[in-house]
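Colleague: Attaching a single structure in structure tokens format; questions to follow.
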Amino acid sequence: TRAGRIAFSRQLQPLELPPRHANARVHALAGDTRIRFLENGGYWWRELKSGTQSYDDSAAGRSVYFVAAPGATLYVQGRVAGKVLVYSPQRIVVEGSLTYVRDPRSDADSGDYLGLVCDKDIELASPRVTGPGDIEIQGALLAKRRFVVTGYEHARPATLRIYGSLAAGTLSASEPRYATRIEFDPRFERLRPPG
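Be aware that the sequence shown starts at 7, since it is given in this note's numbering, and climbs by one per residue.
Shown next, in the form of structure tokens:
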């Protein structure tokens, strides 16, 4: 067509390097890692291959980034306080509910934000991991390839509630394991999770 080269916005490129700004806490993760967010605003993470575990409770008021290396899977759950972005070019597995410490539906001043961003798949772990009950995820989810409910044929029905936003190339079935309710968080009309 003889069209000239079109340069894509940096926002459309994969997140290659952790963001750099003075007030951010950045964790670059080389391998598969399990991340747990805690009610007090802290979090811990354990690198699965080496077993190395770290803890941080000093990130109050800062944006927190977990950025995985190519091929690494991140496993997440817990109670999020503050602004957190979890990014993996390969896969993010939600192993249990991910909720805000200050729920914006009942606390209009909540400053808690979560972003899960993956170049490929975001998965909800099997019932063996999550347990048989309901799961709630609060945050903005972007799976460029698929959002997958593992073991969706599980016979004990429960509810998957997503409060925030969900964008994915494709979505797997969720029933009969979960009836699914997705509710948009209106704060995302004017603000975003970090990164």
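Ideal Cβ placement from N, Cα and C applies to all residues, glycine included.
Residues in the same chain with beta-carbon distance under 6 angstroms from LEU54, minus the five sequence neighbours each way, listed in chain order, please.
Modeller: Excluding sequence neighbours, LEU54 sits near ASP38.
Colleague: Is there at least one Cβ from chain D nearer than 8 angstroms to ARG183's Cβ?
Modeller: No chain D is part of this structure, which consists of one protein chain only.
Colleague: If we count the other Cβ atoms within 10 Å of its Cβ and call it buried at 16 or more, is ASP127 buried or exposed?
Modeller: Buried: at least 16 other Cβ atoms inside 10 Å.
Colleague: Can you tell me where the alpha helix (DSSP H) with THR136 in it begins and where it stops?
Modeller: Looking at the DSSP string, the run of the alpha helix (DSSP H) that includes THR136 is 133 to 136.
Colleague: Fully enclosed by the stretch 144 to 193, which beta strand (DSSP E) runs are 3 residues long or longer?
Modeller: Taking only runs of at least 3 residues, the beta strand (DSSP E) segments lying wholly in the stretch 144 to 193 are 164 to 177, 184 to 190.
Colleague: Under 8 angstroms between the Cβ atoms of ASP191 and GLY157?
Modeller: No; because the gap between Cβ atoms is not below 8 angstroms, this pair is not in contact.
Colleague: Could you give the distance in angstroms between the alpha-carbon of LEU121 and the alpha-carbon of ALA9?
Modeller: The question names Leu, but residue 121 is Gly in the sequence shown. Each residue's Cα considered, the two are about 36 angstroms apart.
Colleague: Tell me where the beta strand (DSSP E) around LYS126 begins and ends.
Modeller: Where LYS126 is concerned, there is no enclosing beta strand (DSSP E), given that its DSSP letter is neither H nor E.
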